[in-house]
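Residue numbers (my numbering): -4 to 339.
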Amino acid sequence: MPTERVNYLEDPNILGLESLFGLLSIVNVIVLHYLMAVVIPYPLVVTWIQLALGLLYTHVLGEFGVEYKDFNHFPPTRIFKEKLSELLIPSLAYLSMICSANMLLARVPSVAMYPVVASFAIVAHHAARFFGCGQIYRPSRWVALGVILLGYFISAFDYFAVGGDVILLSLFFGLSTALYRAAFLERSLHITRGLSSELYVHQAVIGIVLLPVVIILSRERRFFTYMPTDFSRAWTWLMWGCLSTAASLPLLKNIVSNRLIRFSGQPPWRFLELFAIILVFVLGWAIFDRINGLSILAFGLVFVGRTLNTIDALRFDEAAAPPFKFTGPGGNTDYHNMDNSPKV
């Protein structure tokens, strides 16, 4: 057995990270779906809570590392006023992406189909990089993307498990993802000197300021009368605790994801995402039970396409580098890999 495979399966650090990443990938999607679809049906508010808690946690972890050098695993948070103005437009694209991702996850009738309806973002991202950025892909990559797109197209006719409004949301999510990742991400990282942790902090600040305006102007302002405020009751603590815990999952998953990539490279990370897709589909089918033959066909095509895409990326991408993976100075872990949108 090759040395790399032995390390992936026997090294306790890597094995622990692999297990935790796989678990968080599944829990992140299923728990957030149930939270926003049933318990607290306000995805924009959940997005705001995610940004606020993410900023709080990263600040606490960064300052903890400053005070205790032995635990200096996270860069301290620093906010620069001039960068806030430079990152305003890219941050609007970022907010569109994560808000539409949460809205899509909240609206999809069965969480089992979320990997399918979210797959359009993969195709849109690659197309944007090809037509807008001059990125060259091998024919095998286009075959994989074509299979994914076919599965997505079939899901559009699955009104029982998907529905028309979900398809419209998935199109918006895909386009906003392509816009942010292809048009703004590299420029934004240039502004922050390649530090995605610094980029995350500034995007979170902008989102925390701007999202309340959108919430107040939309129907989600009902959240302020929906949530219980009598903290002498256990139900109030349960509701707010569920919201806080679920909103913390994306950042925790990003931290584990980055450390897994740092220790083992791309292969375990990419194939664990495929494993998580299968489990999300199976568990979503078992829990929410809105799956039919068309759903299975669409999922099968998307899974095959993503598997082919993963194999092609590992074989032919330069140095098999994790996309948009940057690390902070001094050996710190850069806790923000890509975004806080729920994805598998």
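Glycine included, C-beta positions come from ideal geometry on N, C-alpha and C.
Under the three-state reduction of DSSP output, Phe179 falls in the helix class.
Judged by beta-carbon spacing, Trp280 lies within the 7 Å limit of Ala107, meaning their Cβ atoms are closer than that value.
Closest in alpha carbon position to Tyr89, among Ser150, Ile211, Thr172, Arg188, is Thr172. Spanning the alpha carbons of Leu289 and Thr302 requires a straight line of approximately 20 Å. Burial check for Phe226: the Cβ neighbour count within 10 Å stays below 16, so the residue is exposed.
Between the C-alpha atoms of His28 and Ala242 there is a straight-line separation of about 11 Å. Contact between Leu247 and Ile44 is absent: CB atoms are separated by about 14 Å, not below the 8 Å threshold. Comparing C-alpha distances from Gly129 to each of Ala178, Pro70, Leu18, Tyr52 shows the shortest one belongs to Ala178. Between Tyr154 and Ser114, the gap from beta carbon to beta carbon reaches 7 Å or more. From the listed residues Asn8, Ile306, Leu244, Leu87, the smallest Cα separation to Tyr52 is found for Leu244. Taking a cut-off of 8 Å for Cβ pairs, the region 204 to 224 and the region 36 to 43 touch, as three or more such pairs fall below it. Taking all protein chains in view, the Cβ of Leu83 is surrounded by fewer than 16 other Cβ atoms within 10 Å, so the residue is classified as exposed. The Cβ atoms of Ala199 and Gly49 lie closer than 7 Å to each other. Residue environment for Thr220: exposed (fewer than 16 other C-beta atoms within 10 angstroms of its C-beta). DSSP places Ser213 in no alpha helix (DSSP H); its state is neither H nor E. Note on geometry: alpha-carbon atoms of Gly17 and Ile143 lie some 22 Å from one another.
Between Ala123 and Ser86, the alpha-carbon positions lie close to 18 Å from each other. In this structure, the beta-carbon distance from Val111 to Val297 falls below 7 Å. For Ser105, same chain residues with a beta-carbon under 7 Å away, outside a window of 5 residues either side, are Ala156, Gly279, Phe283, Arg285, Ile286 in chain order. Judged by DSSP secondary structure, Asn304 falls within the alpha helix (DSSP H) whose first and last residues are 288 to 311. With 16 or more other Cβ atoms inside 10 Å of its own Cβ, Gly60 counts as buried.
In the three-state DSSP reduction, Gly189 falls in the coil class, being neither helix nor strand.
Annotation: the continuous alpha helix (DSSP H) that includes Pro110 extends over 109 to 112. Pairing Val24 with Val275 gives a Cβ-Cβ distance under 7 Å. Contact between Pro71 and Gly57 holds: CB atoms are separated by about 4 Å, below the 8 Å threshold. Of the residues assessed, Asn8 falls on the exposed side of the cut-off, its CB having fewer than 16 other CB atoms within 10 angstroms. Under the three-state reduction of DSSP output, Phe276 falls in the helix class. Following the DSSP letters along the chain, one finds Ser14 inside the alpha helix (DSSP H) bounded by residues 7 to 29.
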